[in-house]
Amino acid sequence: MPDKQNVMPFQQDAGFFARRALKKQKDGRFQDAVVLLRRALEAAPDNAEYMLDLAETYSEMGCPVESNRCLLRLMTDYPERSVCWFALACNLFAMGNVQGAQSAALEYLEREPEGEYSARAADMIAAIQQAEQLHRPADRRLLRVYRLNERAASRLNGEQPAAAVRLLEKSLSLRDTPDTRALYAYALGEAGRLDRAAREANSLLRRRFLPPEARVNALRALVAAGQNARALKAIDALDAKTLEPYEMRRVLDALLTMKSDRSMQEQLSRALRLSPFDRALLHAQAAAFFNEGRTEDALVWWRHMLEINPADSVASACVDAVSRGEPPARPIPMTLALAPELARRKRDAIASGQDSDALLAACRWALLEGDASACAAAGRLAGRGDRASETLLREALIEPTLSPAVKLAALDALKRRGAREPYFIVGRDTFSPGPENSRLTAPGRVIKECLAAACRLDDALVPTYLARWDAVMPRCLTLRRGALRGLSAALLARTAMKRGIAEDAVRNALNCSRRRLEYYTRKLNRLTGDETEA
Numbered sequence: 001m002p003d004k005q006n007v008m009p010f011q012q013d014a015g016f017f018a019r020r021a022l023k024k025q026k027d028g029r030f031q032d033a034v035v036l037l038r039r040a041l042e043a044a045p046d047n048a049e050y051m052l053d054l055a056e057t058y059s060e061m062g063c064p065v066e067s068n069r070c071l072l073r074l075m076t077d078y079p080e081r082s083v084c085w086f087a088l089a090c091n092l093f094a095m096g097n098v099q100g101a102q103s104a105a106l107e108y109l110e111r112e113p114e115g116e117y118s119a120r121a122a123d124m125i126a127a128i129q130q131a132e133q134l135h136r137p138a139d140r141r142l143l144r145v146y147r148l149n150e151r152a153a154s155r156l157n158g159e160q161p162a163a164a165v166r167l168l169e170k171s172l173s174l175r176d177t178p179d180t181r182a183l184y185a186y187a188l189g190e191a192g193r194l195d196r197a198a199r200e201a202n203s204l205l206r207r208r209f210l211p212p213e214a215r216v217n218a219l220r221a222l223v224a225a226g227q228n229a230r231a232l233k234a235i236d237a238l239d240a241k242t243l244e245p246y247e248m249r250r251v252l253d254a255l256l257t258m259k260s261d262r263s264m265q266e267q268l269s270r271a272l273r274l275s276p277f278d279r280a281l282l283h284a285q286a287a288a289f290f291n292e293g294r295t296e297d298a299l300v301w302w303r304h305m306l307e308i309n310p311a312d313s314v315a316s317a318c319v320d321a322v323s324r325g326e327p328p329a330r331p332i333p334m335t336l337a338l339a340p341e342l343a344r345r346k347r348d349a350i351a352s353g354q355d356s357d358a359l360l361a362a363c364r365w366a367l368l369e370g371d372a373s374a375c376a377a378a379g380r381l382a383g384r385g386d387r388a389s390e391t392l393l394r395e396a397l398i399e400p401t402l403s404p405a406v407k408l409a410a411l412d413a414l415k416r417r418g419a420r421e422p423y424f425i426v427g428r429d430t431f432s433p434g435p436e437n438s439r440l441t442a443p444g445r446v447i448k449e450c451l452a453a454a455c456r457l458d459d460a461l462v463p464t465y466l467a468r469w470d471a472v473m474p475r476c477l478t479l480r481r482g483a484l485r486g487l488s489a490a491l492l493a494r495t496a497m498k499r500g501i502a503e504d505a506v507r508n509a510l511n512c513s514r515r516r517l518e519y520y521t522r523k524l525n526r527l528t529g530d531e532t533e534a
């Protein structure tokens with residue numbers, strides 16, 4: 001037996017874990033590197049270098065969304081670290097969001113024109129601009145079609161399918177191309193015009209030659225129209241070798257909405273080989289096993305998700321439910337969402353408002369997953385005095401999938417808590433592939449006074465007002481700022497008076513004359529098609 005005195009003791013501090021993580025990263029063992037870097041951050045939570053290493057590891061794993069979250073947290077706490085902007089540009093470029101990548105690279109160059117990565121940032125911008133010139137049609141009419149389609153795609157990403165339909169109809173009147181027609185079919189399905197969407201999609205799929213992207217959009221229109229059998233037949237006819245990765249992902253998303261078992265195992269396995277750490281794919285695999293009754297196999301995949309991100313609200317809720325012996329009823333959705341009964345428990349915890357760990361977990365799920373109860377969750381967190389609640393509200397400001405209304409509710413909650421500035425807010429376009437126009441900064445400037453007035457009238461007004469603003473006002477964002485302020489005030493007045501608040505109190509809170517308020521109320525009624533409300 002060897003002498004114990006020959007064993008050299010060593011301290012497992014943050015530096016030790018960081019060095020081990022660097023070794024694992026070089027060996028390609030990214031998941032082990034993530035675990036070690038998280039242990040290093042637990043030991044030294046204020047170490048910016050460790051957080052930057054974690055962002056780099058996530059990027060190499062093919063998890064750009066997680067990488068961007070780390071970068072944005074760094075940019076919030078350490079705004080002087082300009083390298084985060086270049087790293088963000090690289091992630092966005094890899095995701096196909098060239099507009100976001102160009103903006104981030106320009107921000108880096110403005111901050112550090114002679115920085116370490118300035119030459120690479122300039123090369124990236126030049127490559128993006130050259131690619132845009134090469135893909136821009138020389139024909140003026142076709143260029144007009146190209147721009148209309150871009151605007152329509154932006155409206156679809158912004159959850160405005162009706163506006164996208166109008167733009168695509170204008171585009172089709174100029175030139176009828178398969179890509180435009182397929183996008184039109186998909187927009188019709190998203191707008192709820194299901195019969196027309198199905199006719200357009202079926203007409204497209206009968207063509208002998210159809211570009212892969214157009215075929216993918218057509219089958220997504222069939223899924224939206226509820227024609228699952230026809231969509232499955234179209235998917236089977238696809239040649240996976242001709243699809244780009246983002247097109248393959250759209251096909252998988254369509255499959256996940258139709259199937260609840262492992263009959264799509266071949267497609268899932270291929271996608272996981274390409275993206276072995278993709279959160280949505282990992283949950284789909286776990287849900288497929290769970291729906292077949294193989295709970296232990298499902299737990300393996302959910303725990304794998306928690307190793308990548310311990311704060312994953314969907315995976316943790318599923319693991320907790322199974323561990324307590326209260327598994328959800330089968331089948332559960334294979335899309336990245338909680339089973340209905342688990343989601344109901346979370347909403348009940350938020351509604352009860354009892355200060356507990358369960359409330360914090362429920363608020364985390366509602367905020368970061370974009371549930372309908374997200375605004376209420378932000379209100380609950382505003383009344384809690386713990387550090388975890390403030391951190392969660394700050395995370396909501398940089399969450400990719402949240403609407404501007406939820407982000408503004410989180411911002412209001414932070415201000416009511418007296419949290420320190422700056423409040424770093426990022427729109428959906430920071431994470432989403434393709435051209436997407438974030439509308440977050442415009443509402444943030446325009447309705448600042450209205451939010452303050454709502455807080456003076458009744459704190460409970462804020463979530464309702466923000467939800468209505470998000471539903472009504474995006475169509476008005478092309479108006480001048482003075483008109484936007486007036487319309488925002490009219491919407492607040494309508495919301496407040498429906499809750500029984502006197503008109504005089506509303507006008508005093510808004511510091512607005514009766515004549516001006518009545519004028520913008522009439523204008524708002526015309527814009528929303530509601531002539532009965534005054």
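Just so we're aligned, residue 1 is where the sequence shown starts under the numbering used here, counting upward by one.
Using N, Cα and C, we set each Cβ at its ideal position, and we do this for glycine too.
Identify, in the order they occur along the chain, each residue of the same chain with its Cβ nearer than 7 Å to the Cβ of residue i, setting aside the five sequence neighbours on each side.
i, result
"Arg417", "Ala382 and Glu390"
"Arg514", "Arg507"
"Cys363", "Ile350, Ala377, Arg380, Leu381 and Leu392"
"Arg468", "Leu491 and Thr495"
"Ala509", "Ala453, Arg456 and Leu457"
"Thr180", "Val145, Asn149, Leu168, Ser171 and Leu172"
"Lys26", "none"
"Ser275", "Gly62 and Leu281"
Run through DSSP, which three-state label would residue i get?
i, result
"Arg175", "coil"
"Phe17", "helix"
"Asp278", "coil"
"Met334", "coil"
"Pro443", "Note that Pro443 has pLDDT 46, beneath the 50 cutoff, so the model's placement of it is unreliable and no number is given."
"Phe30", "helix"
"Gly560", "Since the first residue shown for the chain is 1 and the last is 534, residue 560 is missing from the structure and cannot be characterised."
"Tyr78", "coil"
"Asn217", "helix"
"Cys512", "coil"
"Leu524", "helix"
"Ala329", "coil"
"Pro113", "coil"
"Ser356", "coil"
"Leu22", "helix"
"Ser403", "coil"
"Arg193", "coil"
"Ile501", "coil"
"Phe86", "helix"
Less than 6 Å between C-beta atoms, sequence neighbours within five positions excluded: which residues of the same chain meet that for residue i?
i, result
"Arg196", "Leu188"
"Ala101", "Ala89, Leu92 and Phe93"
"Arg155", "Ala163 and Ala164"
"Ser373", "Arg347, Ile350 and Ala366"
"Cys318", "Trp302"
"Tyr186", "Asn217, Arg220 and Ala221"
Check each candidate in the options and name the one with the smallest Cα separation from residue i.
i, options, result
"Lys535", "Arg384, Gly379, Gly385 and Asp386", "Nothing in the structure corresponds to residue 535, since the chain is present only between 1 and 534."
"Leu527", "Val83, Gln129, Ser488 and Ala121", "Ser488"
"Leu255", "Gly370, Pro276, Met124 and Ala280", "Ala280"
"Phe209", "Gly226, Ser82, Ala490 and Leu238", "Leu238"
"Leu524", "Asp236, Tyr58, Arg485 and Ala284", "Arg485"
"Gln12", "Pro161, Leu41 and Gly115", "Leu41"
"Val165", "Arg151, Tyr50 and Ala122", "Arg151"
"Asn97", "Thr76, Asn68, Ala453 and Pro113", "Asn68"
"Tyr58", "Ala105, Asn47, Asp320 and Leu71", "Leu71"
"Glu110", "Arg81, Gln130, Ser356 and Leu92", "Arg81"
"Leu219", "Ala191, Leu252 and Gly192", "Leu252"
"His304", "Phe30, Leu143, Ala127 and Gly293", "Phe30"
"Thr177", "Ser154, Arg207 and Glu66", "Arg207"
"Ala358", "Ser313, Lys233, Arg294 and Glu503", "Ser313"
"Leu74", "Glu60, Ala185 and Leu54", "Leu54"
"Arg499", "Thr464, Leu336, Thr521 and Asn511", "Thr464"
"Leu174", "Arg140, Leu205 and Leu204", "Arg140"
"Pro310", "Phe16, Arg39, Gly28 and Leu268", "Arg39"
What distance in whole Å lies between the Cβ atoms of residue j and residue i, which are believed to be in contact at a cut-off of 8 Å?
i, j, result
"Cys450", "Leu492", "5 Å"
"Glu247", "Ala221", "That belief does not hold up - the Cβ atoms of Glu247 and Ala221 are roughly 15 Å apart, past 8 Å."
"Ala229", "Ala182", "With 8 Å as the limit, Ala229 and Ala182 do not qualify as a contact, their Cβ atoms being about 20 Å apart."
"Lys24", "Ala18", "About 11 Å; that fails the 8 Å criterion."
"Leu367", "Ala410", "7 Å"
"Val223", "Thr257", "6 Å"
"Trp85", "Glu107", "5 Å"
"Leu194", "Gly226", "7 Å"
Kindly list the residues whose CB is nearer than 8 Å to the CB of residue i, restricted to its own chain and excluding five residues on each side of it in sequence; keep chain order.
i, result
"Leu272", "Asp278, Leu281, Leu282 and Gln285"
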